[in-house]
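Take 3 as the starting number for the sequence shown in the working numbering and just add one per residue.
Think of the CB as a built atom: it goes at the ideal place given N, C-alpha and C, for glycine as much as any other residue.
Please read these numbers as outputs of a predicted model, since none were measured by experiment.
See structure below.
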Amino acid sequence: MLVIKKSSDMKTNKRTITLMLLLIIGLSGVSAQSKKEQKEQREQAVKEQIVSEKYKISVSTAYPRRGKTVYLSSPYSLEIRNDSVISYLPFYGRAYSIPYGGGDGLIFKAPLDEYEMKMNKKGAAKIEFIARSPEDRFKFSLTIYPNGSTSINVNMQNRESISFSGEMAEKEL
């Protein structure tokens with residue numbers, strides 16, 4: 003009797019191991035599928051925000067024209083709200099003509115001029131617009147990729163150009 007129990011225990015153990023392996027393989031397939039679904043949902047949400055012209059980009063890195071890359075710890079951002087831009091960005095670099103005391107730099111709220119958006123074949127959006135503050139004229143060039151990562155280039159009349167990188171914020175507006 004003991005011998006029979008051992009063989010039935012071994013059969014049970016083999017079945018249990020086989021079932022566990024099948025569950026693990028099945029769950030990894032579900033996990034991969036859910037990651038793919040999450041990626042597709044993120045891409046769709048990014049595209050909807052771009053088309054609605056209502057989005058916010060959280061900036062994490064500044065690339066001055068001269069000097070080293072600056073990793074930002076404060077919550078800097080660029081926000082588009084239909085016909086206006088809210089810029090809360092730092093400036094590092096040379097200024098040619100600015101108000102006494104340094105002025106506000108890239109911190110302003112202004113209406114958008116000449117807003118143009120194009121989508122490329124891979125789903126990235128190329129956006130260009132002009133904004134004016136009392137201090138300067140800014141030409142923004144944005145590239146927003148389907149996963150939400152973003153690069154921003156800002157050309158100004160009274161300061162050197164500067165670039166930034168960041169992520170499009172989840173829809174909250």
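Query - Ranges of the beta strand (DSSP E) found wholly within the stretch 58-120, counting only runs of at least 3 - result: 72-83, 86-90
**Report entry** Three-state secondary structure (DSSP) of S54
**Finding:** What you label residue 54 is simply residue 52 of the sequence shown in a count that begins at 1. Helix.
Report task. Mind reading off the beta-carbon distance from F131 to Y117? Whole number of angstroms is fine, and I expect it under 8 Å. Result -> If you number the sequence shown from 1, residue 131 lands on position 129. If you number the sequence shown from 1, residue 117 lands on position 115. Between Y117 and F131 the Cβ distance is about 4 Å, and since that is below 8 Å, they are a contact.
Requested in this report: Report yes or no: do the stretch 150-166 and the stretch 66-76 share at least 3 C-beta pairs separated by less than 8 Å?
Outcome: By the C-beta criterion, the stretch 150-166 is judged to be in contact with the stretch 66-76, since at least 3 inter-stretch pairs fall below 8 Å.
Query raised in the report: DSSP beta-bridge partners for S143?
Result: As a position in the sequence shown, residue 143 is number 141, starting the count at 1. Bridge partners of S143: E130, N155.
**Report entry** Alpha carbon of V156 to alpha carbon of K37, nearest angstrom
**Finding:** Here residue 156 corresponds to residue number 154 of the sequence shown, with the count starting at 1. Here residue 37 corresponds to residue number 35 of the sequence shown, with the count starting at 1. Those two C-alpha atoms are separated by around 34 Å.
Requested in this report: For S135, name the three-state secondary structure that DSSP assigns.
Outcome: Position 133 of the sequence shown, counted from the first residue, corresponds to residue 135. In this structure, S135 counts as coil in the three-state DSSP scheme.
Query raised in the report: Since G168 is in the beta strand (DSSP E), which residue starts that stretch and which ends it?
Result: Looking up residue 168 in the sequence shown gives position 166. Element bounds for G168: 164-170.
Report task. Within the same chain, show all residues whose beta-carbon is closer than 8 Å to that of L114, passing over the 5 residues directly before and after it, in chain order. Result -> As a working note, residue 114 is residue 112 in the sequence shown. Here the set comprises I82, D85, S86, V87, F131, I132, A133.
Query raised in the report: What is the C-beta distance between T145 and K128, in whole angstroms, given that I count them as a contact (C-beta under 8 Å)?
Result: Position 143 of the sequence shown, counted from the start, is the residue given in the question as residue 145. Position 126 of the sequence shown, counted from the start, is the residue given in the question as residue 128. With a Cβ gap of about 6 Å, T145 and K128 count as contacting.
Requested in this report: Please classify M22: does DSSP put it in a helix, a strand, or coil?
Outcome: Counting from 1 along the sequence shown, the entry for residue 22 is found at position 20. If DSSP states are grouped into helix, strand and coil, M22 belongs with the helices.
Query - Those residues which DSSP pairs with R161 across a bridge - result: Here residue 161 refers to the residue found at position 159 of the sequence shown. Its beta-bridge partners are A97.
Query raised in the report: Using the C-alpha atoms, what's the distance from K16 back to V53?
Result: As a first step, residue 53 is located in the sequence shown; it is residue number 51 there, counting from the start. As a first step, residue 16 is located in the sequence shown; it is residue number 14 there, counting from the start. Between V53 and K16, the alpha-carbon positions lie close to 56 Å from each other.
Query raised in the report: Between the beta-carbon of M121 and the beta-carbon of R139, is there less than 8 Å?
Result: Start at 1 with the first residue of the sequence shown, and residue 121 comes out as number 119. Start at 1 with the first residue of the sequence shown, and residue 139 comes out as number 137. No, Cβ-Cβ distance for M121 and R139 is not below 8 Å.
**Report entry** Local Cβ density within 10 Å of E42, reported as buried at 16 or more and exposed below that
**Finding:** Within the sequence shown, residue 42 is the residue found at index 40, counting from 1. By the C-beta density criterion, E42 is exposed, having fewer than 16 other C-beta atoms within 10 angstroms.
**Report entry** Test item: CB-CB of I109 and S79 under 8 Å
**Finding:** As a first step, residue 109 must be located in the sequence shown, where it is residue number 107. As a first step, residue 79 must be located in the sequence shown, where it is residue number 77. No; because the gap between Cβ atoms is not below 8 Å, this pair is not in contact.
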